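Numbering (the UniProt record's numbering), first residue to last: 1 to 214. Have a look at the structure below, then the notes.
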Amino acid sequence: MQQQKRQPELVEGNLPVFVFPTELIFYADDQSTHKQVLTLYNPYEFALKFKVLCTTPNKYVVVDAAGAVKPQCCVDIVIRHRDVRACHYGVIDKFRLQVSEQSQRKALGRKEVIATLLPSAKEQQQKEEEEKRIKEHLAESVFFEQTLCQPALSHPEMPGEKMSLQCTLKAFDPGPSGGVNSNAAEPSLRMFGQQTPSFIPAWLQLKGFSWGQL
Numbered sequence: 001m002q003q004q005k006r007q008p009e010l011v012e013g014n015l016p017v018f019v020f021p022t023e024l025i026f027y028a029d030d031q032s033t034h035k036q037v038l039t040l041y042n043p044y045e046f047a048l049k050f051k052v053l054c055t056t057p058n059k060y061v062v063v064d065a066a067g068a069v070k071p072q073c074c075v076d077i078v079i080r081h082r083d084v085r086a087c088h089y090g091v092i093d094k095f096r097l098q099v100s101e102q103s104q105r106k107a108l109g110r111k112e113v114i115a116t117l118l119p120s121a122k123e124q125q126q127k128e129e130e131e132k133r134i135k136e137h138l139a140e141s142v143f144f145e146q147t148l149c150q151p152a153l154s155h156p157e158m159p160g161e162k163m164s165l166q167c168t169l170k171a172f173d174p175g176p177s178g179g180v181n182s183n184a185a186e187p188s189l190r191m192f193g194q195q196t197p198s199f200i201p202a203w204l205q206l207k208g209f210s211w212g213q214l
């Protein structure tokens, strides 16, 4: 009865596998990182067999590449990088942990862990900080552009004047003789207020935009 109840989750390849961490990073200039530890957890009520496979087994030494995990226990798997060379920097390798029930040979589940060799932990940290600064700068730029494209941009009330900046699309534009130019359809940026303010930056005076007073 118990076997029939467990059978649905023991379908080949469907059993969740719990491993930590899911990524290994080795740094060439830090020998302490040349040895990493993977922890395989077994939260189930039955024992598991495991096997560790690798896409480039000649670059690594895996201590206890096969073994067993008791129910509701865990096991540490030690992985050493033995080919630390510049030609391997940035290359992504993969480890695959396959688990099966002790009484069966088919793999009930599998989990992949990526491994990367980097030249320096300090350089990687600087690179991540630079990428973070770039993302923050891009986010600020997008926010600023979205703010400018709002239908109305209000400015704090100043002594003697209250102004608002509005972006409008001209349906027509008076020509030199005061007539209507029906071909004009360029956008116009107009300032409504007592005077044209000096705080408006020059880059707002784009081609096709003009200043006007009410």
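Cβ atoms here follow ideal geometry from the backbone N, Cα and C, with glycine treated the same way. Bear in mind the structure is a predicted one, so any value in this text is a computation, not a measurement.
Between residue i and residue j, how many whole angstroms is the CB-CB distance? I'm expecting something under 8 Å.
i	j	result
Ile79	Gln36	5 Å
Gly109	Pro16	6 Å
Relative to the alpha-carbon of residue i, which residue among the options has its alpha-carbon at the smallest distance?
i	options	result
Asp93	Leu108, Val99, Ala107, Val113	Val113
Phe95	Leu138, Asn42, Val61, Ala139	Val61
Val63	Cys73, Ser103, Val52, Thr56	Val52
Ala86	Asn14, Leu15, Phe26	Phe26
Ala47	Pro71, Lys135, Pro119, Ala65	Pro71
Ser103	His81, Pro16, Ala68, Thr33	Ala68
Asp83	Phe20, Val142, Pro119	Pro119
Pro21	Lys135, Ala139, Lys111	Lys111
Thr33	Asn14, Arg133, His81, Ile77	His81
Asn58	His88, Thr39, Glu45	His88
Ala28	Glu123, Ala139, Ile77, Phe50	Glu123
residue 217	Asp76, Thr56, Thr55	Residue 217 lies beyond the residue range present for the chain, which begins at 1 and ends at 214; the question has no answer from this structure.
Lys49	Thr55, Val91, Arg105	Arg105
Spatial neighbours of residue i within its chain, please: C-beta separation below 6 Å, excluding the five flanking residues on both sides.
i	result
Ala107	Gln98, Ser100
Glu131	none
Asp30	Ala121
Leu65	Looking at the sequence shown, residue 65 is not Leu but Ala. Answer for Ala65: Val52, listed in chain order.
Asn14	none
Val142	none
Note down, in chain order, each residue of its chain lying with its Cβ closer than 8 Å to the Cβ of residue i, except the 5 sequence neighbours on either side.
i	result
Glu23	Val113, Ile114, Ala115, Thr116
If you follow the beta strand (DSSP E) that residue i is part of, which residue opens it and which one closes it?
i	result
Gly109	109-118
Gly13	Note, Gly13: premise wrong, no beta strand (DSSP E); not H, not E.
Thr56	Run containing Thr56: none; DSSP gives neither H nor E here.
Gln98	92-101
Glu23	23-27
Arg105	Neither: Arg105 is in no beta strand (DSSP E) and is coded neither H nor E.
Phe18	18-20
Val78	73-81
Below 7 Å CB to CB, which residues in the same chain sit around residue i once its five sequence neighbours on both sides are set aside?
i	result
Tyr41	Phe18, Cys74
Verify the contact flag: residue i, CB atom, against every heavy atom of the ligand HEM, threshold strictly below 8 Å.
i	result
Asp29	Here there are no bound small molecules, and the ligand HEM is not part of this structure.
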